[in-house]
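J.:
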Amino acid sequence: MESCGEDSKLGFPFWVAVRRRFEPSSPFFEAGNFERELIAKQVALDLTEDERFQLQNMEGMESRSVFCPIVGCGAQLNSLEEFEDHYNSRHTASCSVCARVYPTSHLLSIHISEVHDSFFKAKVARGFPMYECLVEGCGMKLKSYKSRQQHLIDKHKFPASFDFSRRLTHLSISARGCRSISTGESAITRGGRMRWKSSTRWMNSSPRSPN
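In numbering that gives the first Met the number 0, the protein residues as written are 0 to 210.
1) Report all residues from its chain with a CB closer than 6 Å to the CB of H115; omit the five preceding and five following residues, and keep chain order.
2) I'd like the span of the alpha helix (DSSP H) that includes R104, first residue to last.
3) For P23, does the count of other Cβ atoms within 10 angstroms reach 16, so buried, or fall short, so exposed?
4) Tell me the DSSP bridge mates of K122?
5) Quick check on S95: does DSSP put it in helix, strand or coil?
6) Tell me V65's beta-bridge partners as DSSP assigns them.
7) Can you find the residues in the same chain that come closer than 7 Å, C-beta to C-beta, to M139, ignoring five residues on each side of it along the sequence?
8) Taking the CB atoms as reference points, tell me whether L76 and S64 lie closer together than 8 Å.
9) Which of the three DSSP states, helix, strand or coil, is assigned to Y101?
10) For L133, which of helix, strand or coil comes out of DSSP?
11) Assuming E36 and L79 form a contact by the criterion Cβ under 8 Å, report the distance between their Cβ atoms to the nearest whole angstrom.
12) Along the alpha helix (DSSP H) that carries R147, what are the first and last residues, could you check?
13) From G31 to A74, what does the alpha carbon distance come to, in whole angstroms?
14) Taking L107 as the reference, give the member of R165, H155, A92 and A98 with the closest Cα.
15) With burial defined as no fewer than 16 other Cβ atoms inside 10 Å of the residue's Cβ, what is the status of P26: buried or exposed?
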């Protein structure tokens, strides 16, 4: 508050409120930012009433741990950053039928078609090329799972042991000269060793220069 002295009209001193200005990164906004991000996720996820209730009862990061609001998950995270990582790895590209998790929506879409879509199976039975290449941007479709498997090995240098139909947790593969499965960025790089971690992410370690 600021004192403005004695006003000529009022005849007595009066006070005027001074607005405090905060930077966008100020701790003053932390609670509001946290709530805003959770609400944004609530809208994006189209959560159930039970999940919305859990979101509304989540408090600030400093006072409590963050609990995943997805029904049936119940993971407890120590910060909003951990919640972001958990959500992206566990719930972004998760099959609603069998709960398998894939690193990209492209791979999830292929899985749903091949495993849970009866129309897909009917088209395959009639000889249509329905098995889409796993590498985004390739666009190749083949008539059988084995043909697609051979295409991945010959064209994209996938290891012979790679099997898309298997549950990929803990599966380790090495690849040379492969393009990225997910985006233009190198999820599989030349000479790099790729590991499918239990967190369901592609991890790139020990990169080497191309031969």
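For every residue, glycine included, the Cβ atom is placed at its ideal position computed from N, Cα and C.
T.: Result, derived from the coordinates:
1) These residues qualify, in order along the chain: V96.
2) The amino acid occupying residue 104 in the given sequence is Ser; Arg does not appear at that position. For S104, the enclosing alpha helix (DSSP H) has its first and last residue at S104 to H115.
3) With a 10 Å radius around the Cβ and a threshold of 16 neighbouring Cβ atoms, P23 comes out exposed.
4) Partner(s): none; K122 has no beta bridge.
5) Here S95 sits in coil by DSSP.
6) Partner(s): L76.
7) By the criterion of a C-beta distance shorter than 7 Å, M139 is surrounded in its chain by C132 and H150, once the five residues flanking it on both sides are discounted.
8) With contacts defined by Cβ atoms closer than 8 Å, L76 and S64 form a contacting pair.
9) Three-state result, Y101: coil.
10) Coil at L133, not helix or strand.
11) Their Cβ separation, rounded to whole angstroms, is 7 Å, which keeps E36 and L79 in contact under 8 Å.
12) It spans Y144 to H155 - the alpha helix (DSSP H) in which R147 sits, taken as one unbroken run.
13) For G31 and A74, the distance between alpha carbons rounds to 23 Å.
14) Out of R165, H155, A92 and A98, A92 has the C-alpha closest to the C-alpha of L107.
15) With a threshold of 16 other beta carbon atoms within 10 Å, P26 falls short and is exposed.
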